[in-house]
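Sequence lines, in order, name chains B and F. Residue numbers for the first sequence, in this note's numbering: 19 to 146. Residue numbers for the second sequence, in this note's numbering: 213 to 512.
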Amino acid sequence: MATRASRSSRTPARRAAGELEAEVLAALWAADGPLTAARAREAVGGELAYNTVQTILVRLYEKGLIGRVADGRRHEYFAVKGAEELAAEQMQALLSRGRDRQAVLQRFATSLSVEDARLLQAMLRRRR
Amino acid sequence: MTISVYVPAALSLLLAAISRIVVGRIAPTRAVVFVVAAMLCAAASTWGLVLLSATLLGDTSMVAEEASERGVQLQDPVPQLIGVTAVVLLVSGVFRVVRVLRARRATTQELRAVCSSCGTGELAVVALAAPHAFAVPGRPGRILVTQGLLSVLDGDERRVVLAHERAHLQSRHHWLRAATEVSAALNPVLIPVREAVAFLVERSADEHAAAVTGSRRLVAAAIAKVALAGGADGGVRAWSAALPFVGCGVSARVAALHADPPRPEPLVPSSVLALGVATAIAAVQATMAFYQLVYWLWPS
């Protein structure tokens, strides 16, 4: 808690190991195919040391959350989609529940009216 | 009964009106004030309904007559119609609370089931194209996202989503939402307060994500991207369109992140709290009036 209080609002906070694991795992899921440690580091973004990413990849691999293939002397890592169908079915069922159940779900972002969508698109374009 | 039994209902209306007006301007961390006020209002108005219902148990008009014969002016007794209405409102309120709690429990259980089929660790990813992210409370809490959400975002934006959901878990926002959902179920007048709190906890998580990543623009962009990617999801749109608030959605959050950071206003929270306390006082007064009535009903 003390570390958060001392964080300046401008400089990005240093990330704990658990948080980094989530970020690297997310990057592997977002990628189209297996990534080397160097590519994974790029995909995560931010200024992470190569060794940090390498360590996290090994840790995720040992936990069985990601898989890897050997590519010459390097390894390429990919997200393990073990219980893919079961989880997807469960989630699909959850999302198609009635109104009571939908109201409970706290979404990151709900979908938009046509007008809102236009506004947001304009905003994203300005940013580029 | 005194008029104080009806005061919580009137103050609930006032609270609902205030929450509609200030929701866009108040610092998001103030959500808890609305939660406390809503709980007090809901408790007081429900207690008022209990008291009014209880008057059906005895013939209050007779008691009042008897009392006035003895020179005691009992405050106006409750017409039977109001007693019956109170019973109906009370029963339907309890029914709605049960429904809300059941829906909450079932949804949380299902979310946890999805998480547990996605391996261990903080992050659970489902191979679905629709972009969704949920904070799943538990010990430990987990973050559930779809592959579709991760793949429309870049590394920094994915960090925003993780920080946003972590803020929900760390600040236990699900309790704030549950409290206002139950309050609004007991007293539907408080539905705008529930919506205001739902919006404010999202805003609060957005601001936390902005502090963690160091950029409010980045958070705004991530929200906009996810919202736009989910645009084809007709089912979700139908539900969100049914919400009574128009200006409390994604675009309001994005707009707030483009505006200056919110400054805490001392006046609004204290007045909202005062409102909640006033309903509690009214409830106590109503109870005393009721006690007086009971005293005349059953003089032991």
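All residues carry an ideal CB built from backbone N, CA and C; glycine is no exception.
Between which residues of its own chain and residue i is the CB-CB distance below 7 Å, once the five residues before and five after are set aside?
i	result
Arg92(B)	Thr54
Leu487(F)	Leu223, Leu226, Leu227 and Ala249
Glu94(B)	Pro52, Leu53, Thr54, Arg86 and Val87
Val375(F)	Checking the displayed sequence, the identity of residue 375(F) turns out to be Ala instead of Val. Once the five neighbours on either side are set aside, the close Cβ partners of Ala375(F) are His420, Ala421, Val424 and Thr425.
So residue i and residue j are in contact, right, with Cβ under 8 Å, and what is the actual spacing, rounded?
i	j	result
Ser231(F)	Val405(F)	5 Å
Thr267(F)	Leu505(F)	7 Å
Ala434(F)	Glu369(F)	4 Å
Lys99(B)	Ala339(F)	5 Å
Gly461(F)	Asp134(B)	7 Å
Thr491(F)	Leu335(F)	With 8 Å as the limit, Thr491(F) and Leu335(F) do not qualify as a contact, their Cβ atoms being about 42 Å apart.
Leu469(F)	Val409(F)	That belief does not hold up - the Cβ atoms of Leu469(F) and Val409(F) are roughly 19 Å apart, past 8 Å.
Gln359(F)	Val326(F)	Not a contact, Cβ separation roughly 13 Å.
Leu293(F)	Ser265(F)	Not really, about 12 Å apart at Cβ, beyond 8 Å.
Leu46(B)	Ile84(B)	6 Å
Leu440(F)	Ala243(F)	About 26 Å; that fails the 8 Å criterion.
Val71(B)	Val62(B)	7 Å
Arg324(F)	Gly350(F)	6 Å
Ala436(F)	Val466(F)	5 Å
Ala471(F)	Pro220(F)	Actually they do not touch by this definition, with Cβ atoms about 35 Å apart.
Gln108(B)	Ser416(F)	Between Ser416(F) and Gln108(B) the Cβ distance is about 29 Å, and since that is not below 8 Å, they are no contact.
Leu78(B)	Leu43(B)	6 Å
Cutting at 8 Å between CB atoms, please list the residues of its own chain near residue i, excluding the five before and the five after it.
i	result
Glu393(F)	Val312, Arg316 and Arg406
Thr499(F)	Trp259 and Leu263
Leu66(B)	Leu38 and Arg59
Val438(F)	Pro343, Ala345, Leu361, Val364, Leu365 and Val373
Ala453(F)	For Ala453(F), the predicted structure reports a pLDDT of 38, less than 50, and the residue's modelled location is therefore unreliable. A value from the coordinates is still provided. Contacts found: none.
Ala48(B)	Ala61
To which residues of the same chain is residue i closer than 6 Å at the C-beta, ignoring the five residues directly before and after it?
i	result
Pro474(F)	Ala239
Glu391(F)	Here residue 391(F) turns out to be Ala, not Glu, going by the sequence shown. These residues qualify, in order along the chain: Val247 and Met251.
Arg428(F)	Ala422 and Leu469
Val480(F)	Val234 and Ile238
I'd like to confirm the pairing. Which residues does DSSP put opposite residue i in its beta bridges?
i	result
Ile84(B)	Ala97(B)
Ile355(F)	Leu335(F) and Ala347(F)
Asp89(B)	Arg92(B)
Leu53(B)	Tyr95(B)
(message) Any C-beta of chain F within less than 8 Å: which residues of the stretch 113-138 of chain B qualify?
(response) Leu113, Ser114, Arg115, Arg117, Asp118, Arg119, Gln120, Ala121, Val122, Leu123, Gln124, Arg125, Phe126, Ala127, Thr128, Ser129, Leu130, Ser131, Asp134, Ala135, Leu137 and Leu138
(message) Under 7 Å, CB to CB, which of the residues in the stretch 46-75 of chain B have a partner in chain F?
(response) Trp47, Ala48, Ala61, Val62, Gly63 and Gly64
(message) I'd like to know if the stretch 299-309 of chain F and the stretch 393-400 of chain F are in contact, where contact means that at least 3 CB-CB pairs between them fall below 8 Å.
(response) yes
(request) Examine the Cβ distances between the stretch 137-146 of chain B and the stretch 381-390 of chain F and report whether three or more of them are shorter than 8 Å. (result) no
(request) Determine contact between the stretch 361-369 of chain F and the stretch 108-121 of chain B, defined as no fewer than three beta-carbon pairs at a distance below 8 Å. (result) no
(message) So if I threshold CB-CB distances at 8 Å, which residues from the stretch 361-391 of chain F count as touching chain B?
(response) Leu361, Leu362, Ser363, Leu365, Asp366, Gly367, Asp368, Arg370, Arg371, Val373, Leu374, His376, Glu377, Arg378, His380, His385, His386 and Arg389
(message) Tell me which residues of the stretch 74-93 of chain B have at least one Cβ-Cβ distance to chain F shorter than 9 Å, keeping chain order.
(response) Leu78, Lys81, Gly82 and Leu83
(message) What are the residues in the stretch 101-112 of chain B lying within 8 Å of chain F by C-beta distance?
(response) Ala101, Glu102, Leu104, Ala105, Ala106, Gln108, Met109, Gln110, Ala111 and Leu112
(request) With 9 Å as the C-beta to C-beta threshold (strictly closer), list the residues of the stretch 338-352 of chain F near chain B in chain order. (result) Val338, Ala339, Leu340, Ala342, Pro343, His344, Ala345, Phe346 and Ala347
(request) Name, going along the chain, the residues of the stretch 285-317 of chain F whose beta-carbon falls closer than 7 Å to a beta-carbon of chain B. (result) Arg311, Ala315 and Arg316
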